[in-house]
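Peer 1:
Protein chains in written order, with full-length UniProt numbering: chain A, 1 to 389; chain B, 1 to 389; chain C, 1 to 368; chain D, 1 to 368.
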């Protein structure tokens with residue numbers, strides 16, 4: 001058995017409580033995105049294109065959907081003989097199972113898994129960002145800088161900087177200070193949640209951190225500050241390109257809208273960097289004689305009789321006659337009746353919207369309306385107009 | 001997504017405490033067998049040959065080795081797009097993880113997994129038997145008999161019958177009574193631990209049994225008696241052929257010896273029913289000029305300088321000069337020095353046996369000697385003769 | 001069905017579809033926005049749990065091989081069974097008939113433990129339930145079961161169909177080879193169920209006697225001493241035997257009810273996955289009554305058309321009553337009507353291309 | 001190595017191994033008890049993490065295709081990269097040279113984003129560290145790096161090797177094509193590292209000028225205006241160019257030290273998995289100084305021999321100084337010495353087959 005140069009550990013345990021009803025029964029990385037994908041498809045596809053063929057997916061909540069979705073890893077080319085993708089729920093010790101206590105603890109609990117591949121480097125990724133990134137360039141940078149740990153950073157507007165974990169760096173981009181959401185930012189280089197470590201170093205810190213009763217067992221809060229405090233060689237890798245955290249309803253909606261620009265901030269259809277998705281077999285979409293679709297992304301499996309403007313329809317969405325959908329995201333398997341109006345909304349998977357429903361508001365000040373899981377919201381069939389929210 | 005006619009649930013959670021040191025750090029189904037295989041290869045290969053392409057492996061103890069071994073399922077042709085093999089550790093609810101409380105509870109906890117495939121039938125298998133069985137014949141029988149549940153049985157000698165779960169049947173092989181290890185057997189039809197159920201029926205009983213505070217949550221002790229007590233249509237399917245429980249050191253050793261008969265009780269090399277194994281790539285074995293091998297099975301990767309009689313050498317076993325091995329089972333990656341004697345023994349994986357060691361006894365009355373995990377027994381290099389056990 | 005081998009027989013294919021079959025075999029012709037004709041038979045096998053499928057190819061089978069690959073998309077990349085592509089063993093010789101090629105690969109049949117074989121061509125657009133047909137075959141204790149349908153296609157100007165006379169009890173009384181059927185005639189769908197041992201016997205006996213046609217020499221010649229039964233297929237089935245009927249049967253899927261029942265209400269049709277993004281509609285796009293597949297980028301007008309994967313329709317372009325196959329690009333200001341463009345066609349800007357009742361075909365990778 | 005394409009070039013293969021290459025190409029010849037020659041190069045690519053490998057086949061490549069399959073065993077069944085088998089596109093024409101075939105598949109190179117190509121033949125038994133060679137290539141800023149070795153093989157009676165003159169700084173000064181080398185001569189191993197863009201340029205320019213040989217027209221002709229550097233390979237490498245040298249290099253692996261260092265102390269050699277049981281030795285078996293692969297059933301005597309997978313050696317049979325390829329069966333009381341039996345040979349009972357210093361070959365599937 002050979003060893004691997006590097007492997008990735010993907011933190012897919014987030015409950016995504018800020019996504020509200022969209023994550024009931026679903027881990028955040030399994031949330032649908034872009035009409036065809038789930039969020040986890042983005043880091044997984046990035047791994048494949050970067051030449052990483054071994055990915056441990058650390059799950060916690062509701063792993064069944066992710067388990068079935070990831071399956072044997074084939075859609076992402078991760079069905080490897082040695083390596084490939086593995087879903088890793090919390091380890092069951094002899095005394096019963098324990099939750100992962102934090103991101104660092106999640107990786108700590110899988111030291112044995114990682115050591116099986118004897119990697120030189122370990123890339124730690126999050127499961128809640130939309131971006132296209134060639135991690136192999138980051139590795140090259142890491143090696144060139146003789147770094148022991150490298151954190152990918154992106155310049156954010158100064159006005160928003162205080163929402164992020166920020167790196168203060170010297171002129172060589174060596175990190176001198178890390179501040180988690182400081183009130184007065186000294187830097188606008190925000191951590192992207194993409195960390196590259198020499199595995200020997202990381203392992204040692206994980207073991208030490210585990211013994212530290214005061215630690216919250218978190219990469220950003222504990223591991224990185226400790227490595228930095230010990231004067232290790234820690235570098236910032238500047239990423240240029242589209243990157244978006246989709247951890248809130250607003251950012252999830254916004255990232256969708258970014259796909260609809262004339263020159264989209266983020267191109268899903270780059271032939272050299274395709275994003276892979278599971279369950280990708282659907283019939284072609286049928287656009288009826290009455291339909292009118294502009295500035296939208298519509299996936300296969302859809303049947304559209306209505307008007308779709310500046311919106312995204314995922315697979316197997318049916319849209320009835322005289323229905324108008326604007327500035328909205330419709331997740332998979334949603335059936336929308338006739339004469340419905342939907343504005344500035346996200347409709348979760350498997351929902352059925354009855355005729356004449358009106359969802360969302362056109363007011364620019366209004367929040368994004370979320371219609372959650374089918375099990376939580378039921379629409380009573382009615383001939384009356386029904387108004388939701 | 002289509003539904004499956006049938007799927008298998010393989011109970012691989014046994015700690016195998018009766019196998020002693022052989023299962024330290026290893027679930028019982030992961031114990032090596034036959035020089036090349038692990039016990040789990042037998043039910044998995046049987047599934048593949050029987051046309052079952054979806055197998056849930058219910059693990060409990062030490063799942064990492066099984067996880068890596070099962071991997072994407074490719075060696076067993078179980079790397080399917082829909083279905084395939086999945087390792088299923090106990091489910092982590094919001095309140096943290098719980099052990100599987102019994103065999104029935106293990107399947108109960110995975111009802112959602114099974115329902116995903118919407119199968120008509122579910123086959124429940126154990127992970128600690130060596131046999132070659134075409135389950136599709138059992139299914140045919142089950143359908144012909146219009147059974148709701150069918151239990152595979154094998155005739156055992158009356159003298160041993162009281163060690164088994166026994167079926168009393170009518171002339172149609174309909175089961176009238178089930179007795180777990182009765183003192184006075186009324187039948188010699190022993191349960192093989194292979195159950196076939198109509199899934200709807202089984203699901204209902206699993207749910208009811210889960211609510212029963214007095215139940216031990218076991219198929220043999222709880223589910224089968226309840227189904228029987230309710231007068232359901234329960235049939236015995238008579239299996240003819242080799243079947244051996246390898247849950248004890250003696251039976252594990254005995255099953256190995258069965259492979260060495262002139263006309264073996266159990267043929268590993270049937271071209272129409274190959275047993276699949278992972279990690280099957282090793283160099284050809286080298287048999288030196290001083291070697292002498294008779295009545296033995298020797299796997300690839302071995303280097304043999306000594307005398308091997310009526311024994312089994314697994315892959316990557318090295319045997320030094322003037323060493324004599326008789327009536328023994330050597331598990332993978334064992335290095336045996338020069339002038340060693342081994343009789344009636346099982347040597348676990350990764351052990352290193354120093355020169356001049358003497359292991360085991362030639363006395364017919366002696367027990368089988370087990371040399372356990374490398375981590376537990378260390379051999380100090382010595383020029384003196386060292387005698388173990 | 002564990003005991004059944006699926007055979008897709010491309011040996012008898014004719015090049016009905018002119019330019020569309022000039023560089024690919026009939027079964028590899030694109031259909032319905034994202035499929036190749038062979039996908040329908042392949043998916044019917046998947047649906048029936050037939051996991052050992054042999055494709056007997058004849059000529060120009062490279063695109064079929066590319067398309068099927070290792071069989072992954074149909075879950076047929078298996079060690080046990082799975083997909084077998086069995087090409088002609090003597091490419092230079094004229095192939096004398098399907099039985100000859102079965103004979104060249106007789107070992108495939110000999111080695112298979114399965115006892116029943118379903119033979120089907122690779123270019124039928126239909127959802128045939130092979131499980132039901134095999135059950136019918138077994139229940140009726142037939143030696144061979146043939147599948148037929150009442151002819152309801154466009155009238156045929158060449159004698160290319162085989163007419164069956166069926167007795168009341170379902171047995172086949174006579175087979176009339178190479179006819180031009182009338183509406184309602186019982187027309188054979190070149191689909192058979194047969195015991196494997198009998199098939200092997202027919203292959204051997206016929207080839208020894210210099211007879212190489214399965215239907216003529218294996219079935220028709222044996223009508224009297226074998227029990228040849230029939231299965232009456234009544235599902236959707238377009239008879240495709242010309243560019244015109246090919247075009248019409250594509251266009252039929254613009255009927256949303258047919259699309260619904262065919263694509264959604266029964267089992268899935270699997271095809272090669274290409275990982276394209278969802279269709280992108282721009283602010284200027286105007287699409288009505290059309291099927292569109294993923295990877296398309298639509299800025300122009302599309303009416304009553306079928307648009308395959310990865311097509312670009314630029315601003316001001318108009319596509320009407322047309323079929324645009326994969327990776328076509330229709331540039332600014334161009335007008336297409338009653339046109340079929342093959343793969344990777346590039347229609348430059350400000351062109352006008354109009355077909356008549358028989359659509360005009362633009363050949364693969366042409367630039368117009 | 002993410003940025004590297006591996007090319008296995010079978011176009012220049014000669015049929016050195018007579019009967020053993022009469023129905024298969026050289027790279028498909030069995031070797032060492034369970035391998036085919038191509039396994040060594042394939043595994044060297046796997047070891048170097050080169051996950052895009054193109055095999056340019058020439059003739060009789062069916063057994064190579066069967067053996068490599070979808071590339072599963074080498075973990076090369078990938079959507080991104082993986083294994084590409086690129087056969088001659090004009091099977092009827094005489095192939096003019098490797099560059100012609102590279103040209104026929106130029107799209108493969110054009111479409112690949114990788115920037116470096118390693119070219120190797122498919123019949124070398126060696127463990128060459130391509131990672132090290134590519135690093136050497138890049139560190140020396142060479143346009144092309146050629147790999148050579150000091151000749152230490154059996155003397156060659158036909159001029160089949162290429163001799164390199166190497167300067168002190170490692171640059172190649174001259175290449176003498178088709179020579180019979182003396183001991184110690186720097187002999188080319190037909191292994192090259194080259195930038196992809198340069199390779200494409202060479203392919204195009206040469207083919208335009210009617211030149212089709214990579215080494216002669218692409219490397220040698222450019223020695224003066226390209227930086228052609230060299231890598232001195234010093235590892236184990238048998239020069240196999242005749243039945244006799246093939247036989248001897250097999251037998252060398254009966255040296256346990258060589259077997260140990262070659263098979264165990266470095267990286268694994270992958271080959272097709274066949275799921276055979278361990279070797280079964282009966283009470284009458286007597287095996288000494290031999291390599292034996294799985295699936296064998298040994299009741300007789302085996303001495304100084306190499307026994308491939310699935311061989312049966314019956315009671316009283318004696319096999320000495322021989323190579324028995326896969327699925328051979330040697331019946332009761334038969335005596336073999338200095339013999340190579342190809343696949344599936346059946347030597348009936350009480351035969352005596354003896355070769356001399358050049359071993360006798362029993363052809364594939366022969367019954368003796």
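The beta carbon of each residue, even a glycine, is placed where N, CA and C say it ideally should be.
Output, in chain order, the set of chain C residues within a Cβ distance shorter than 7 Å of residue 137 (chain B).
Peer 2: Correct list: empty, because the minimum Cβ distance to chain C is about 11 Å.
Peer 1: Ignore the nearest five residues each way along the sequence and tell me which others in residue 188 (chain C)'s own chain have a CB closer than 8 Å to its CB.
Peer 2: Answer for residue 188 (chain C): 146, 147, 148, 161, 162, 163, 164, 175 and 215, listed in chain order.
Peer 1: To which residues does DSSP link residue 382 (chain D) through a beta bridge?
Peer 2: In the structure as shown, chain D starts at 1 and stops at 368, and residue 382 (chain D) therefore has no counterpart that could be examined.
Peer 1: Please report the residue range of the alpha helix (DSSP H) in which residue 116 (chain D) lies.
Peer 2: It is not in any alpha helix (DSSP H) - residue 116 (chain D) instead sits in the beta strand (DSSP E) that spans 116-120.
Peer 1: Please list, in chain order, the residues of the stretch 30-49 of chain B that have any C-beta partner in chain C closer than 9 Å.
Peer 2: Residues passing the 9 Å Cβ filter: 48 and 49.
Peer 1: So, does the CB of residue 272 (chain A) fall closer than 8 Å to a CB anywhere in chain B?
Peer 2: Cβ-Cβ to chain B under 8 Å: no for residue 272 (chain A).
Peer 1: Below 7 Å between beta carbons is the criterion; list the residues of the stretch 285-300 of chain D that meet it against any residue of chain B, in chain order.
Peer 2: Against chain B - using a Cβ distance shorter than 7 Å - the residues of the stretch 285-300 of chain D are 285, 287, 288, 289, 290, 291, 292, 293, 294 and 295.
Peer 1: Can you give me the C-alpha to C-alpha distance between residue 46 (chain C) and residue 354 (chain A), rounded to a whole angstrom?
Peer 2: Roughly 35 Å between the two C-alpha positions.
Peer 1: Say whether chain C places a C-beta atom closer than 8 Å to the C-beta of residue 245 (chain D).
Peer 2: Answer no: the Cβ-Cβ gap between residue 245 (chain D) and chain C never drops below 8 Å.
Peer 1: If you draw a straight line from the C-alpha of residue 363 (chain D) to the C-alpha of residue 343 (chain D), how long is it?
Peer 2: Approximately 8 Å, taken between the alpha carbons.
Peer 1: Buried or exposed for residue 308 (chain A), going by 16 or more other Cβ atoms inside 10 Å?
Peer 2: Looking at its Cβ environment, which holds 16 or more other Cβ atoms inside 10 Å, residue 308 (chain A) is buried.
Peer 1: Where does the unbroken alpha helix (DSSP H) through residue 106 (chain A) begin, and where does it stop?
Peer 2: 103-108 is the span of the alpha helix (DSSP H), which, as asked, contains residue 106 (chain A).
Peer 1: Using the Cα positions of residue 126 (chain D) and residue 41 (chain D), report the straight-line distance between them to the nearest angstrom.
Peer 2: Spanning the two alpha carbons is a distance of roughly 8 Å.
Peer 1: Can you grab the Cα-Cα spacing for the pair residue 357 (chain B) / residue 322 (chain B), in whole Å?
Peer 2: Approximately 12 Å, taken between the alpha carbons.
Peer 1: Do you know how far the Cα of residue 87 (chain A) is from the Cα of residue 94 (chain B)?
Peer 2: With a pLDDT of 49 at residue 94 (chain B), under the threshold of 50, the modelled position of that residue is not reliable, and the figure given next carries that caveat. Their Cα atoms are separated by approximately 18 Å.
Peer 1: On the CB-based measure, 16 or more other CB atoms within 10 Å of its CB, does residue 178 (chain C) come out buried or exposed?
Peer 2: Answer is exposed; the Cβ neighbour count stays below 16.
Peer 1: Do residue 189 (chain A) and residue 149 (chain A) count as a contact pair if the criterion is CB distance below 8 Å?
Peer 2: Not closer than 8 Å, so no.
Peer 1: DSSP state of residue 248 (chain A), grouped into three classes?
Peer 2: In the structure shown, residue 248 (chain A) sits in coil (DSSP, three-state: anything other than H, G, I, E or B).
Peer 1: Rounded to whole angstroms, what's the CA-CA distance from residue 271 (chain D) to residue 321 (chain D)? Just pull it up for me.
Peer 2: Those two C-alpha atoms are separated by around 24 Å.
Peer 1: Report the neighbours of residue 49 (chain D) on chain C: residues whose CB is nearer than 7 Å to its CB, in chain order.
Peer 2: Those within 7 Å of residue 49 (chain D) in chain C number zero; the least Cβ separation is about 22 Å.
Peer 1: Taking CB distances under 8 Å as the criterion, tell me whether residue 2 (chain A) reaches chain D.
Peer 2: By this cut-off, residue 2 (chain A) is an interface position.
Peer 1: So for residue 345 (chain B), helix, strand or coil by DSSP?
Peer 2: Strand, per DSSP.
Peer 1: Could you run through the UniProt domain "Nucleotidyl transferase" (17-148) of chain C and flag, in chain order, every residue whose CB is less than 9 Å away from some CB of chain B?
Peer 2: Under the 9 Å Cβ criterion, the UniProt domain "Nucleotidyl transferase" (17-148) of chain C contributes 46, 47, 49, 51, 72, 73, 74, 75, 77, 78, 79, 80, 81, 82 and 113.
Peer 1: Going along chain B in order, which residues have a C-beta closer than 9 Å to the C-beta of residue 109 (chain A)?
Peer 2: Under the 9 Å cutoff, chain B gives no residues; its nearest Cβ is about 11 Å from residue 109 (chain A).
Peer 1: If you draw a straight line from the alpha carbon of residue 109 (chain B) to that of residue 10 (chain B), how long is it in whole angstroms?
Peer 2: Those two C-alpha atoms are separated by around 13 Å.
Peer 1: Name the chain B residues that come within less than 8 Å of residue 342 (chain C), Cβ to Cβ?
Peer 2: Residues of chain B passing the Cβ test: none, with the nearest at roughly 30 Å.
Peer 1: Would residue 166 (chain D) pass as a contact of residue 120 (chain D) if the rule is Cβ separation under 8 Å?
Peer 2: Not closer than 8 Å, so no.
Peer 1: Based on DSSP bridge pairs, tell me the residues matched to residue 124 (chain A).
Peer 2: The partner list for residue 124 (chain A) (beta bridge, DSSP) reads A:9 and A:195.
Peer 1: Which of the three DSSP states is assigned to residue 232 (chain C) in this structure?
Peer 2: Residue 232 (chain C) falls in the strand class under three-state DSSP.
Peer 1: Could you confirm whether any beta carbon from chain B is found closer than 8 Å to the beta carbon of residue 331 (chain D)?
Peer 2: Answer no: the Cβ-Cβ gap between residue 331 (chain D) and chain B never drops below 8 Å.
Peer 1: Whole angstroms are fine: how far does the CA of residue 85 (chain D) sit from the CA of residue 59 (chain D)?
Peer 2: Computed Cα separation, rounded: 13 Å.
Peer 1: Tell me which residues share the same chain as residue 326 (chain C) and place their Cβ nearer than 6 Å to its Cβ, disregarding the 5 neighbours each side in the sequence.
Peer 2: Once the five neighbours on either side are set aside, the close Cβ partners of residue 326 (chain C) are 308, 309, 310 and 343.
Peer 1: Output, in chain order, the set of chain B residues within a Cβ distance shorter than 9 Å of residue 256 (chain A).
Peer 2: Simply none; closest approach about 26 Å.
Peer 1: Does the distance from the CB of residue 122 (chain B) to the CB of residue 214 (chain B) come in under 8 Å?
Peer 2: No. Outside cutoff.
Peer 1: Along chain B, in chain order, which residues have C-beta atoms closer than 7 Å to that of residue 358 (chain D)?
Peer 2: The contacting residues do not exist; residue 358 (chain D) stays about 24 Å from chain B at best.
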